[in-house]
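Here the structure is laid out as structure tokens; the discussion comes afterwards.
Numbering (the numbering used here), first residue to last: 335 to 624.
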């Protein structure tokens, strides 16, 4: 199933800026060294097991499941998959619907992310970055836990014999990088939106929970509006940057056969990039509803 966002013809005298004026390339997240470095050292010193990828080519299609709002509509399709890789809140979202993932990944340094896993499963392989908060790894230490170093462009100290993986923009894109190293190249994305359907009302900010399939951190995000293929999408600077990061990831992995099961910003953004069409952001006066 593919969800359809709000569609609208552009209003009269609709002024836009080319998105390239704002984002020349994907943005590297700001360093959170004071929070991340202690996590890396604590997890390494705890001696948790190392994740060992199996590069043997896999023939099946793998579902990598994000936590975007479209997952509310598309999750039934996941009942047909034999291998599922969840990230963020999609682990428990699927468990509540009778679907047990095969793998789960997170890279976020914040302690509250551990609350996303209320019922760890014995059959799930928890492939976690050393950067996650120690309360997360402690919760999973009696399960199939394997750690890796998420090598950041920032200068962190790494310890232990953990595999060094390329830095992913978020846990969803990190899961794709991990899956590739584990022999998967035929990947279907669910819940990868990076936007919410535009309801016709321009707003300045909203709770980030509104952009996800279920409860999230509850922080407020400043909104921007993006036009792709004549569709208006409500998004944030971080999520727009994630679209550029995905474009870069796909360019680095031509062997990747990727299908996106969400008709939100990510799919439309990538289609515009593939066909060299323009992607626009709304001018500031529209962003603030004037």
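Even for Gly, the Cβ is constructed at its ideal location relative to N, Cα and C.
- Query: Would you call the CB atoms of residue 580 and residue 503 closer than 9 Å?
  - Reply: yes
- Can you give me the start and stop residues for the alpha helix (DSSP H) that residue 396 sits inside? No alpha helix (DSSP H) contains residue 396, which is instead part of the beta strand (DSSP E) from 396 to 399.
- Tell whether a beta-carbon distance below 9 Å holds between residue 529 and residue 545. yes
- Query: Between the region 427 to 440 and the region 561 to 568, do three or more beta carbon pairs fall short of 8 Å?
  - Reply: no
- From the DSSP output, in three-state form, read off residue 386 for me. coil
- Task: Note the first and the last residue of the continuous beta strand (DSSP E) segment covering residue 523.
- Result: 520 to 524
- Classify residue 503 as helix, strand or coil using the three-state DSSP reduction. In this structure, residue 503 counts as coil in the three-state DSSP scheme.
- Message: Are there any heavy atoms of the ligand FAD lying less than 8 Å away from the beta-carbon of residue 396, as far as the coordinates show?
- Response: As far as ligands go, the structure on display features none, and thus does not contain the ligand FAD.
- Task: Determine the closest residue to residue 597 out of 527, 411 and 491, with distance taken between C-alpha atoms.
- Result: The residue among 527, 411 and 491 with its C-alpha nearest the C-alpha of residue 597 is 527.
- Message: Could you pull the DSSP bridge partners for residue 435 from this structure?
- Response: Beta-bridge pairing by DSSP links residue 435 to no other residue.
- So what's residue 466 in DSSP terms, helix, strand or just coil? In the structure shown, residue 466 sits in coil (DSSP, three-state: anything other than H, G, I, E or B).
- Between residue 375 and residue 387, what straight-line distance do the alpha-carbon atoms span, to the nearest angstrom? 22 Å
- Message: So for residue 302, helix, strand or coil by DSSP?
- Response: Residue numbering for the chain in the displayed model covers 335 to 624; residue 302 lies beyond these limits and cannot be assessed.
- Message: Out of 467, 489 and 420, which one is the CA nearest neighbour of residue 459?
- Response: 420
- Where does residue 602 land, buried or exposed, given buried means 16+ other C-beta within 10 angstroms? buried
- Whole alpha helix (DSSP H) runs in the region 534 to 590 with 4 or more residues, listed along the chain? 571 to 586
- Task: Just grab the DSSP bridge partners of residue 594 for me.
- Result: 523
- Local conformation of residue 355 per DSSP, three classes: Reliability of the predicted coordinates at residue 355 is poor, the pLDDT of 42 falling under 50, and the value obtained from them is presented with this limitation in mind. Helix at residue 355.
- Query: Under the three-state reduction of DSSP, which class applies to residue 492: helix, strand or coil?
  - Reply: coil
- Query: Sorted by chain position, which residues of the same chain lie with C-beta nearer than 6 Å to residue 593's C-beta, five sequence neighbours on each side aside?
  - Reply: 522.
- Task: List the endpoints of the continuous alpha helix (DSSP H) containing residue 425.
- Result: 424 to 429
- Message: Could you tell me the alpha carbon to alpha carbon distance between residue 357 and residue 476, rounded to whole angstroms?
- Response: Residue placement at residue 357 cannot be trusted, given a pLDDT of 43 that sits under 50; the coordinates are not used to answer.
- In terms of residue numbering, what span does the beta strand (DSSP E) encompassing residue 482 cover? Residue 482 -> beta strand (DSSP E) spans 478 to 485.
- Query: Given residue 573, which residues of its chain have a CB within under 6 Å of its CB, disregarding the five upstream and five downstream residues?
  - Reply: 528
- Does DSSP classify residue 360 as helix, strand or coil? In this prediction, residue 360 has a pLDDT of 37, which is less than 50 and means its spatial position is unreliable; what the coordinates show is noted afterwards. In the structure shown, residue 360 sits in coil (DSSP, three-state: anything other than H, G, I, E or B).
- Pick helix, strand or coil for residue 403, following the three-state DSSP scheme. Collapsing the DSSP output to three states places residue 403 in coil.
- Item | Closest residue to residue 613 among 461, 595 and 560 (Cα-Cα distance) | 560
- List the endpoints of the continuous beta strand (DSSP E) containing residue 614. 614 to 616
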